[in-house]
Each structure stands twice: as structure tokens, then as C-alpha cells.
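Reading through the C-alpha cells given below for one structure.
Residue numbers (this note's numbering), protein chains in the order written: chain A, 1 to 213; chain B, 1001 to 1213.
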């Protein structure tokens, strides 16, 4: 997979350019999404483009998550206190990592968006709430670009569709990453939809990290 | 129907308390939603609460719109320039009214939210974009409160569900209005789902106003 489009608010740019660990967090996300290949024995990500909405999106996300969790020590399902404790409503942030340097905590929240466009708006608002409440210091959203999304599950949103709203997060450290297939071809199999054929694995949940400490 | 919960950001409160026309716009929206009755020959809004998700929501919205359009001269489907002209993406604002006083234009955008919670996030972000781009001066969202929404179409979002995110719009003039039935009863008919049985009417579109000028 390759990164095709990136938008950083000025505040995000400052963090990534001036702080080694925030830069590292961005690079880990980029490396993880770029590590996705298809077919599984390929060296690159080649998508079958013979049928609109012909490919599933879950395995793409899953491969990225495996690398984030296993190689880079990110955690899944990090609840925000403002939602879980205070408002008692709303789900956790998708993926999360804490870095510590000189006793200073640096917290990054990531949503890998594979729902429809309104779901992408919710992800954006959840991360924004986390930033406003100072529960995270940097927010990222990962989405396919339009060119790829039209060959993925119907109604999966894309980078371009959310793009008009990026400016709503100006003033906050927010990064939007649009990824694309390396190649489009009629000679590879379709990516299965849902989690068909994927082996079960135990995900690295934030809850377990907290409880085991 | 009655108003049960209202949240105004400080900026919205200032507009409504200090400006006659912004106050009027708020009062028109409140009067329009409160004018909804059920059954149609009732003096109040009584909802059949014998079955979860038993009632439709479209007729409720429709009655409110009729009053906004016909009595108060609001317009439907107002496109934002930032979306329609600049980004060439995204739909219009649901309902819109312009007031003029001393050559000063005062523009109010309203979304009557009857979709799921992620759709409510999109409505919020669209209005916020309109405020940021100074295409509207005051934003309002109308939603049922939880107590009512559970007897409406499945997955219709509610005031309480979006409430944790209201603070994301602090600093901007934003009003959230939660309405509720006047009475819950087993002796009234269910509200039909979809637009079944509703007479067709021509809505008052912003486009037509512009084209006829």
C-alpha cells in the first residue's frame, strides 16, 4: 500500500517536525498501513479493479492493526475519560499509543476509518473531543483515497469526501492520511468481505494493559 | 410537542439575548417544533409508547418544516458555497433563513436530525463549517430526547447521545434543542413510518428563491 495524500494542521506539523516521538508515531502509522500487501504472497498491494465495491476492507485494516500492535506496541480500544467516566456514553478510540520521555507523556489517538462518511465525522469528533479535553496530544485518521475506495465495500468513505471538513480541526494537532493501492489489476483475487477466512487473534487491548499493571 | 432540553454555547446565548432577530429565529424554530401534534386532531403531541421503535419520525419533521416554510418564511436545502462551489462535495443545509436589518444580513442554519448518531455528527460538522466560513451566523440542531427517540424509528439519534460532543462547538454560536412528546399513551395510533399517507407538497427551496429573484 502507499500513502497518496496527507493533510496536517499547522499544529500537527509543528509536533511532527519538532518532536522526535510524535514524528515516530506518525512514521509507525505510515509504515503499518504501507506494510499491507495483496495477494498475501505479493510484495505490493494489488487490487482487483474489475468490479465496483468488489473487495472487502476488513483484512486491509486488520493487517495494519497487527503491525501497530505487535511491532510498534500500540493498543486497541482506548476509552476517553470524558466519554466513559464523565458522560457514560460513546465508544473508545480505535488505536492508541503512549510515549514517555523525560517523564513527559505523549499520547496519540488513531482511527482507521472504514465506515460510511457520517461514521467518519463521528471518528473526527471523537478525536477532537479527546484533544480538547487533553486526553490525547495528537490525532490521526486513516482512510482510503477515492480511487481505491470505489473498489472496496459499498459506502466505505474516502479521504476526499471528508477533506472539506479538515479545516474544522484547524488549531488542533490533526493528521489525515489517505492511502491507495500500489497497483490495479484484473488478475488478482478479490479481497474477501467481512472477516471470512481470517484467523482469529487476540487483540492488544488498552484495558488489559491497565489491568495487568 | 414540548422542548425539554436546550444547550446554547456562550456565543449563541449572546446573540439570542442581545439581538432581536436572532432571538426571533430561535423562537420560530421552537414554535414550529412545538406546533407538532399527534394524533392530527389532538391539541398536544401524544405518542404510543407500547412498542419500542413503533413510530415513524418523518411526519413529525414534516409538520415542523411546513410551519417554518409557510408561516415563518424559512427555506429548504441551502447549499454552502464552501461545499457546493469550492469543494464540489456534500449536500446543502436542511433549513435556512436570512434576516435583514439596517442593511445587515443575519443568517441562520438549522438541521432537524432524524438519522442515526453518526449522521448527527455530520450535520454538526456541516453547520460548523458554515460558521467557520462565515456563511451562517447562528447554527441550530433539533433532535428528539432519549425518552421520545426510543419510540421512534430504530437508530434515530437523540439529544443525549450527541450531548458529549456539544463542547466541541464552544467558541461558535451553536444551539442544540431536544424535544419530547407532551404525553405517552397506549390509546393513540402509531405514527406511520416513512412518508406513507402524507400528501405531497412542494417544498420551499432556496434554489427557487434565488432563481426567481
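The beta-carbon is built from N, C-alpha and C at its ideal position, and this holds for glycine as well.
- Between residue 160 of chain A and the set B:1083, B:1094, B:1111 and B:1158, the nearest pair of CA atoms involves B:1083.
- Residues of chain B whose Cβ lies closer than 9 angstroms to the Cβ of residue 89 of chain A are, in chain order, 1160, 1161, 1163 and 1164.
- Cβ-Cβ separation between residue 1060 of chain B and residue 1036 of chain B: approximately 5 angstroms, consistent with a contact (criterion under 8 angstroms).
- Residue 1018 of chain B: member of the alpha helix (DSSP H) spanning 1010 to 1018, first to last residue.
- The closest CA to that of residue 11 of chain A, considering only A:194, A:211, A:38 and A:167, is found on A:167.
- Cβ contact annotation for residue 1194 of chain B (same chain, cutoff 8 angstroms, sequence separation greater than five): 1056 and 1058, in chain order.
- When Cβ-Cβ separations below 8 angstroms define contact, residue 77 of chain A makes no contact with chain B.
- Proximity of chain B to residue 129 of chain A at the Cβ level (cut-off 8 angstroms) is accounted for by 1164, 1165, 1167 and 1168, in chain order.
- Listed in chain order, the non-local C-beta contacts of residue 1184 of chain B below 7 angstroms within the same chain comprise 1047 and 1049, local neighbours out to five positions each way being set aside.
- Contact note: residue 83 of chain A reaches chain B through 1164, using a C-beta cutoff of 8 angstroms and chain order.
- With a threshold of 16 other beta carbon atoms within 10 Å, residue 1137 of chain B meets it and is buried.
- For residue 200 of chain A, the closest alpha carbon among the candidates A:106, A:104, A:63 and A:134 is that of A:63.
- DSSP lists B:1048 as the beta-bridge partner residues of residue 1185 of chain B.
- Counting only Cβ-Cβ distances below 7 angstroms, residue 119 of chain A has contacts in chain B at 1118, in chain order.
- Here residue 117 of chain A has 157 and 161 as same chain residues with Cβ atoms under 6 angstroms from its own Cβ, once five neighbours each way along the sequence are excluded.
- Taking 8 angstroms as the threshold, the shortest C-beta distance from residue 1122 of chain B to chain A falls below it.
- For residue 32 of chain A, same chain residues with a beta-carbon under 6 angstroms away, outside a window of 5 residues either side, are 64, 67 and 68 in chain order.
- Secondary structure at residue 1124 of chain B: helix, using DSSP grouped into helix, strand and coil.
- Residues of the region 1039 to 1065 of chain B with a C-beta atom less than 9 angstroms from some C-beta of chain A do not occur.
- At a Cβ-Cβ threshold of 8 angstroms, residue 1164 of chain B and residue 109 of chain A do not count as neighbours.
- Neighbourhood of residue 132 of chain A in chain B, by CB distance below 9 angstroms: 1167, 1168 and 1170, in chain order.
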